[in-house]
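Numbering (the working numbering), first residue to last: 3 to 698.
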């Protein structure tokens with residue numbers, strides 16, 4: 003049995019996916035069902051007491067039900083929950099290791115109120131997470147015991163014993179052991195605020211300090227309000243430091259025993275939202291030693307489970323996480339969760355919305371990171387969730403699509419590429435609080451919603467080796483060196499945004515077009531150079547800029563704008579950017595770029611290393627079949643459908659009649675123009691061969 007080529011695949015699953023009654027505890031049965039060898043299986047043992055209450059291997063004991071199944075559910079589609087023992091699980095771990103894969107332990111920082119066992123947290127309530135309004139939930143891994151000792155010191159000792167004794171390949175730390183709640187809401191307990199004061203040396207008002215020791219709702223909420231109003235940036239930076247310190251300690255010890263650390267680390271958020279809303283700097287925790295960041299890019303499963311009818315919003319917003327996070331982090335591996343099905347949460351993307359699920363699989367692996375020496379995929383692979391209860395035929399379906407997704411050997415991105423600047427990222431926290439300006443992430447997915455997809459990111463230090471259309475958000479926030487690099491860029495069109503009234507001429511830039519949002523009280527400016535828009539594009543932009551979408555302006559001090567509580571939707575409040583300005587920017591970026599095609603549907607385009615052009619053609623309608631019409635700017639020898647749909651080849655435009663015909667019908671065809679069918683809410687992948695090449 004072999005692993006998939008060109009990408010990594012990890013499978014997160016409940017113990018319900020294995021059978022303790024088998025002599026090998028279900029290892030062979032599981033691999034026979036998948037039909038391929040994953041790079042690792044991750045047992046969702048769920049409850050943190052798997053580590054907190056670990057008792058060693060001197061004698062056999064039964065694990066609590068909330069380790070044997072996610073939230074202790076009684077069954078999945080395949081079997082009833084089984085009473086696993088510590089010896090059973092150790093056997094399974096060893097057998098999977100012997101098979102060439104391995105087992106990770108996955109836990110969350112939850113508490114479910116002693117539902118299945120006497121929970122460790124019940125004896126240590128000082129470690130609970132405190133939220134506004136006096137509420138308590140779960141375990142907060144950054145807190146201290148009553149005696150002042152850090153929980154993380156206890157945890158890492160227990161963790162290392164657990165990993166070694168069970169023979170696990172590593173640990174996967176999810177909700178609670180990586181941030182999962184908006185830090186606006188907590189924790190503002192005496193413990194955390196005291197840690198904050200000790201670290202920063204800040205002097206808080208006498209009334210706030212005098213109330214330390216009182217963790218009732220009124221006192222905690224007063225602390226929270228003052229901190230968020232007056233030292234918000236310092237609080238966020240403190241939380242980033244605490245999580246970095248936590249992971250430095252965990253990774254150092256786990257690596258010393260030859261194991262790996264996987265971390266969820268985010269909550270459907272890009273690097274800036276993760277920092278602002280969750281208090282975590284992803285680059286810093288990766289530099290601290292985290293081996294795998296398992297980003298939760300889950301547009302379809304999050305949308306299906308939500309009350310909001312905005313599938314396109316979810317898709318574009320979540321997909322933008324991949325390239326931007328890849329550009330942000332420089333250490334470790336980046337893989338992404340993708341939702342298959344979940345018996346506990348009761349959803350099934352494979353069976354209920356296969357077209358959307360397939361779109362997730364293909365698109366995730368499309369995005370690139372342009373680097374010195376070429377291009378690489380933003381994501382190294384998938385972290386499939388959850389993988390229990392899936393039959394072989396369904397795994398075969400999944401495997402086929404993952405192999406297609408991994409098949410693109412990209413040389414360079416033909417769609418626009420966004421510049422990533424560490425300097426701008428570091429300064430965005432203060433800028434955002436003061437102005438609520440759009441972040442690069444927001445710009446990336448809003449342009450996609452408008453029909454213009456960026457296909458990659460490039461870090462500023464790699465710009466000298468990059469060729470193509472460049473999107474530069476926040477030119478005014480770049481370092482002087484970065485501004486000089488961008489101003490001197492001459493290997494493609496450049497489109498930039500900046501603050502209101504920005505003057506490109508001060509940087510030696512003579513823009514071919516410059517415009518501002520006319521209906522915002524804090525407008526963005528956009529400008530381009532390196533290529534000039536034609537008259538039709540100029541007229542279209544002018545028409546779009548005259549339209550006010552009616553959205554209200556953000557009045558008063560932007561820092562006082564209320565933050566939204568939930569990171570699965572648009573978490574951050576922003577100043578007004580009209581839809582017309584956004585659409586004008588999208589039109590400009592698309593029309594002055596050097597992509598060698600036109601298309602009447604949204605698309606991504608890449609040049610493969612063999613010279614082939616790979617197209618991702620998106621259906622922007624979730625309930626109807628549609629067709630995309632493509633015209634290439636160069637002669638075409640042939641095309642090949644790469645995705646599982648459609649079955650028939652494309653229809654070429656007939657040179658004599660102007661009609662469309664499949665090539666097998668015969669007749670004169672003009673192969674530079676063709677039409678292809680798109681499934682509802684789906685994406686079709688087409689390889690286009692230049693005239694000098696032959697089809698494979």
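Using N, Cα and C, we set each Cβ at its ideal position, and we do this for glycine too. These numbers were taken from a predicted model, which means no experiment stands behind them.
- When the Cα atoms are used, residue 560 and residue 438 turn out to be separated by approximately 6 Å.
- Note on residue 486: under 16 other CB atoms within 10 angstroms of its CB, so exposed under the neighbour-count rule.
- At a Cβ-Cβ threshold of 8 Å, residue 236 and residue 286 do not count as neighbours.
- A buried status is given to residue 462, since no fewer than 16 other beta-carbon atoms sit within 10 Å of its beta-carbon.
- If you keep only unbroken beta strand (DSSP E) runs of at least 3 residues inside the segment 156–181, you get 172–175.
- By the CB criterion at 8 Å, residue 607 and residue 450 fall outside the cutoff.
- Per DSSP, residue 207 has no beta-bridge partner at all.
- Separation of the CB atoms of residue 141 and residue 111 is rounded to 4 Å, and the pair is thereby assigned contact status at 8 Å.
- Assigned with DSSP and collapsed to three states, residue 265 falls in strand.
- For residue 692, there is no enclosing alpha helix (DSSP H); the residue is part of the beta strand (DSSP E) that begins and ends at 685–692.
- Counting along the chain, residue 544 sits inside the alpha helix (DSSP H) bounded by residues 537–547.
- Scanning the segment 329–364 for uninterrupted beta strand (DSSP E) segments of 3 residues or longer gives 335–341, listed from N- to C-terminal end.
- Between residue 268 and residue 307, the C-beta spacing is not below 8 Å.
- Residue 97 is classed as buried because its beta carbon has at least 16 other beta carbons within 10 Å across all chains shown.
- For residue 413, the enclosing beta strand (DSSP E) covers residues 412–415.
- Looking at 380, 94, 343, 281, the one whose alpha-carbon comes closest to that of residue 336 is 380.
- Here residue 625 is exposed, its C-beta having fewer than 16 other C-beta atoms within 10 Å.
- In the DSSP annotation of this structure, the continuous segment of the beta strand (DSSP E) that includes residue 617 starts and ends at 615–620.
- By the Cβ criterion, the segment 186–197 is in contact with the segment 126–141, since at least three pairs of Cβ atoms, one from each stretch, lie closer than 8 Å.
- Here residue 294 is buried. Its C-beta has 16 or more other C-beta atoms within 10 Å.
- For residue 155, the closest C-alpha among the options 143, 469, 9 is that of 143.
- Only buried fits residue 511, as 16 or more other CB atoms lie within 10 angstroms of its CB.
- Scanning 638, 660, 240 for the CA closest to the CA of residue 692 turns up 638.
- Contact between residue 527 and residue 518 holds: their C-beta atoms lie close to 5 Å from each other, under 8 Å.
- Apart from sequence neighbours up to five positions away, the residues of its chain that approach residue 214 with a beta-carbon distance below 6 Å are 192, ordered along the chain.
- With respect to the C-alpha of residue 44, the residue from 15, 482, 352 having the closest C-alpha is 15.
- Residue 17 has its alpha-carbon roughly 35 Å from the corresponding atom of residue 378.
- Per DSSP, reduced to three states, the secondary structure at residue 153 is helical.
- When DSSP reads this structure, residue 298 sits in a beta bridge with 339.
- As for any beta strand (DSSP E) of minimum length 3 sitting wholly inside the segment 433–520, the runs are 458–461, 472–474, 496–500, 515–518, ordered along the chain.
- Here residue 627 carries a coil assignment [DSSP, helix/strand/coil].
- For residue 167, same chain residues with a beta-carbon under 6 Å away, outside a window of 5 residues either side, are 59 in chain order.
- Each of 66, 401, 426 was checked against the Cα of residue 480, and the nearest Cα belongs to 426.
- Between the alpha carbons of residue 74 and residue 355 lies a distance of about 27 Å.
- Residue pairing from DSSP places residue 609 in a beta bridge opposite 414, 615.
- Taking 8 Å as the cut-off, the beta carbon of residue 546 is found no closer than this to the beta carbon of residue 595.
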